[in-house]
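Notes follow the structure.
Residue numbers (my numbering), protein chains in the order written: chain G, 33 to 148; chain C, 3 to 111.
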């Protein structure tokens, strides 16, 4: 299972790209504290105000187009930019192999619980 | 917004192992099961099964009941519901982040 979101922003892809890859820009929208080495194989550390911390590695990076991070705890997030008529289409896909697993097992578990 | 992952992480970690996953499925299929019953069906030792069952119970996925000298397990779906709730909250977190991205971009231009 994947979580997908799309928005269109009025800015051009290169401006949006900066907000995706520069740590101080990421701190304005993604996490409270960001370290990111924005190149393939580069590492990232994201911290949130509630004490949560996630680490990631840049799996793919195509400037102004596509950024894919693999989370250390499993799963990944892909952010794609496409020029749109009125700016840029930003598409986010967060996927986790465990998402679909939990859904599947939940169906099995509830079936078992109902039968018991 | 990414808070409250502790229990869910435990569930996901417990399910990350294919052997444990098939045990949950085997227990679910039977309704309730003991390590001995499951070991008779699976190509693993009773000890290995007992260890995995206990890990699954620690993650909250199975409920353990003592039955004489054995422990009987059944599936408890609630933690899986938590996992699903967490997925929904991941989606909500992205809604918030993208709204913040839009504001951040607007501020620059």
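Just so you know, even glycine gets a beta-carbon here, dropped at the ideal spot from N, CA and C.
Since the structure is predicted, the reported quantities are computational estimates derived from the model, not experimental observations.
query                                                                                                                                                                       : result
Sort out for me which residues DSSP pairs residue 69 of chain G with in a bridge.                                                                                           : Residue 69 of chain G pairs with nothing; no bridge assigned.
Between which two residues does the alpha helix (DSSP H) carrying residue 52 of chain G extend?                                                                             : 45-53
What's the gap between the Cα of residue 37 of chain C and the Cα of residue 44 of chain C?                                                                                 : 10 Å
Could you tell me the alpha carbon to alpha carbon distance between residue 4 of chain C and residue 82 of chain G, rounded to whole angstroms?                             : Only weak support is given to the placement of residue 4 of chain C: the predicted model assigns it a pLDDT of 38, under 50, and the value that follows is read from those uncertain coordinates. Their backbone Cα atoms lie some 8 Å apart in a straight line.
Name, in chain order, the residues that DSSP records as bridge partners for residue 101 of chain C.                                                                         : Answer is none; residue 101 of chain C lacks a bridge partner.
What three-state label does DSSP hand residue 106 of chain C in the structure shown?                                                                                        : helix
For chain G, find out if any of its Cβ atoms is closer than 9 Å to the Cβ of residue 4 of chain C; answer yes or no.                                                        : Legend: pLDDT at residue 4 of chain C = 38, less than 50; position of this residue unreliable, value from coordinates given subsequently. So, interface residue.
Could you pull out every residue in the same chain whose Cβ sits closer than 7 Å to the Cβ of residue 48 of chain C, ignoring the five residues on either side in sequence? : 37, 38 and 41
Going by alpha carbons, who is nearest to residue 127 of chain G out of G:109, G:136 and G:43?                                                                              : G:109
Figure out for me which residue from C:12, C:11, C:31 and C:20 has the closest Cα to the Cα of residue 143 of chain G.                                                      : C:31
What's the C-alpha gap between residue 67 of chain C and residue 34 of chain C?                                                                                             : 10 Å
For residue 112 of chain G, would you say it is in contact with chain C, using Cβ-to-Cβ distances shorter than 9 Å as the test?                                             : no
For the beta strand (DSSP E) that residue 127 of chain G lies in, which residues bound it at each end?                                                                      : 119-127
Cβ closer than 8 Å: which chain C residues qualify as neighbours of residue 134 of chain G?                                                                                 : 13, 14, 17, 82, 85, 86 and 89
Could you work out which residues of chain C lie near residue 37 of chain G, taking near to mean beta carbons separated by less than 8 Å?                                   : 93, 96, 97 and 100
Which residues in chain C sit within 8 Å of residue 90 of chain G, going by Cβ to Cβ distance?                                                                              : Those do not exist, as residue 90 of chain G stays about 18 Å from chain C at its closest Cβ, beyond 8 Å.
Residues of chain B with a CB under 8 Å from the CB of residue 27 of chain C: which are they?                                                                               : Judged by its chain identifiers, the structure shown contains no chain B, and its protein chains are G and C.
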